[in-house]
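In the working numbering, the protein residues as written are 16 to 453. Ideal Cβ placement from N, Cα and C applies to all residues, glycine included.
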Amino acid sequence: MKTAILGFGVEGQVSAEYWAQLGADITICDENVDLKVPSGWSAQLGSTWLDNLDQYDVLVRTPALRPDRIADANAGTDLTAKTTSGLREFMAKCPAQIIGVTGTKGKGTTTMLIAKMCEAAGRNVFVGGNIGLPPLSFLDEVTADDLVVLELSSFQLFDATVSPHIAVCLMVVPEHLNWHRDFAEYAAAKGNIFAHQTAGDLAVYYPRNDTSSQLVALSPGHHVPYLEAPGAIIDGDYVKIDDQTICRTDEIGLLGPHNQQNIAAAITAVWELLDHNTQAIAGVVRDFKGLEHRLELAGVYQGVRYYDDSFATTPETAIAAIQAFAGEKVVILGGADKGASYDELAGVVEDTKVIHALLIGEQAPRLATALDKAGFSHYTVVKWQGMDSLVQTASHLVEPGDVVLLSPGCASFGLFTNYKDRGNQFMAAVHALISKEV
16 MKTAILGFGV EGQVSAEYWA QLGADITICD ENVDLKVPSG WSAQLGSTWL
66 DNLDQYDVLV RTPALRPDRI ADANAGTDLT AKTTSGLREF MAKCPAQIIG
116 VTGTKGKGTT TMLIAKMCEA AGRNVFVGGN IGLPPLSFLD EVTADDLVVL
166 ELSSFQLFDA TVSPHIAVCL MVVPEHLNWH RDFAEYAAAK GNIFAHQTAG
216 DLAVYYPRND TSSQLVALSP GHHVPYLEAP GAIIDGDYVK IDDQTICRTD
266 EIGLLGPHNQ QNIAAAITAV WELLDHNTQA IAGVVRDFKG LEHRLELAGV
316 YQGVRYYDDS FATTPETAIA AIQAFAGEKV VILGGADKGA SYDELAGVVE
366 DTKVIHALLI GEQAPRLATA LDKAGFSHYT VVKWQGMDSL VQTASHLVEP
416 GDVVLLSPGC ASFGLFTNYK DRGNQFMAAV HALISKEV
């Protein structure tokens, strides 16, 4: 069986090993002409990496590759039936119940909340997808008694033909429009988390988001909202479901109202699965402090708290971060373009206790225009001299009790390798600032 692995990143490497173990004759196809291919495997590299794919029996698409690029490079040949992905293979062969989470932001946090709740209830859990390991890497270890929790991106769901038994769709807003043709295509990809469910499956959705509410109609399963009954709700100072109290909101380990949404989604997803195990669920809600670069406390310097929210790559997630802090704050915004509008973000900056905004990257001028339009003038378009300089500048704008918040609302590319690099540089700069105080 001649199998072409289309893209040799982390998932491509796992897919190649998997199909090789099935006895396939592996060819690695990748744009990188300098790629080192393991011995025993063939290679098709460089500008012609997607050419003449009809010679293979199986084509394994990795998430970053749009399917239409395969079609465009092989005009006149329909390769759809030959094309699969690591996710599709895993979903088709996994013996365990699968819980899948998608949405624009919050899916990583919600995925980990679900996984930890299930573990606290005594279940053996595998976590993968867009977070952690490519799921094919642990397929051989999964048994029918286990649970699998997957964070699923639009890239992974784009051509999905199987849906999770429990599917969760958080808020869906414009994102990745530099990859998707338009928002309709992006939303349609997200919809695949529901589209292939069966009548006995569970579809959890966010009723306050039009797109999530529309997509859930694709599922023939049982539809349950979160933040509205019968799903988990925030009732005054309490987190509740089915009239049972999980905990007080001031006991929640995560910061911000947006994380209350993530918690409600996670509880709704596992409530029946875990037989209403309030003790296990409440313990996780209290103890889980979040993932890296998501409202992560970088440190405290001269009474000022510095928070790394580098994962906020859309205006909506930056808004959520800003609203998580009631007091005065300096916010760092900007980066690379993702096709989003900044008008709503600018309005929130004007309406909340933002004392100054530091604007960075190629989107700084657009952000400045949006802030001007909103009537907010306390901003600086920063001439980039490195993260240390940026954090130093921020430290001169605040007083004890204030917050400095890195929540860019934009992609990281241009100044940084990715959001992790941006967050790590911010963390290092804050730690360097603190070390001067010692």
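In this structure, ILE129 lies away from PRO179, with their beta-carbon atoms at least 8 Å apart. Among the bridge pairs identified by DSSP, HIS237 is matched with LEU217. Excluding the 5 residues flanking it on each side, GLU104 has same chain C-beta neighbours closer than 7 Å at LEU151, in chain order. In the three-state reduction of the DSSP assignment, LYS255 falls in the strand class, which pools E and B. Inter-segment contact for the stretch 114-121 and the stretch 169-183 is present: three or more beta-carbon pairs are separated by less than 8 Å. Shown here, SER392 sits in coil according to DSSP, grouped into three states, outside any helix or strand. Put simply, of VAL25, TRP399 and PRO423 the residue whose alpha carbon is nearest the alpha carbon of TYR322 is PRO423. Using a Cβ distance threshold of 8 Å, SER228 and ALA218 do not count as a contacting pair. For TYR322, the enclosing beta strand (DSSP E) stretches over residues 319-323.
DSSP places GLY123 in the uninterrupted alpha helix (DSSP H) bounded by 122-135. Taking the CA atoms as reference points, SER100 sits about 47 Å from VAL319. If you look at ASP417, you'll find it isn't in any alpha helix (DSSP H); DSSP assigns it neither H nor E.
The C-alpha of LEU21 lies about 21 Å from the C-alpha of ILE146. DSSP places ASP250 in the uninterrupted beta strand (DSSP E) bounded by 248-250.
Per DSSP, THR264 lies in no alpha helix (DSSP H) segment and is marked neither H nor E.
In the three-state reduction of the DSSP assignment, LEU154 falls in the helix class.
Rounded to whole angstroms, the gap between the alpha carbons of ALA86 and THR98 is 11 Å. Residue pairing of LEU421 in beta bridges, as defined by DSSP: ASP323 and ILE347. In the structure shown, the three-state DSSP call for VAL177 is coil. One Cα belongs to GLN338, the other to GLU365, and the distance between them is close to 12 Å.
Closest in C-alpha terms to ARG223, from the list VAL239, PHE209 and ILE208, comes VAL239. The alpha-carbon separation between GLN317 and ILE282 amounts to approximately 38 Å.
Counted as a single uninterrupted DSSP element, the beta strand (DSSP E) harbouring ILE370 occupies residues 369-375.
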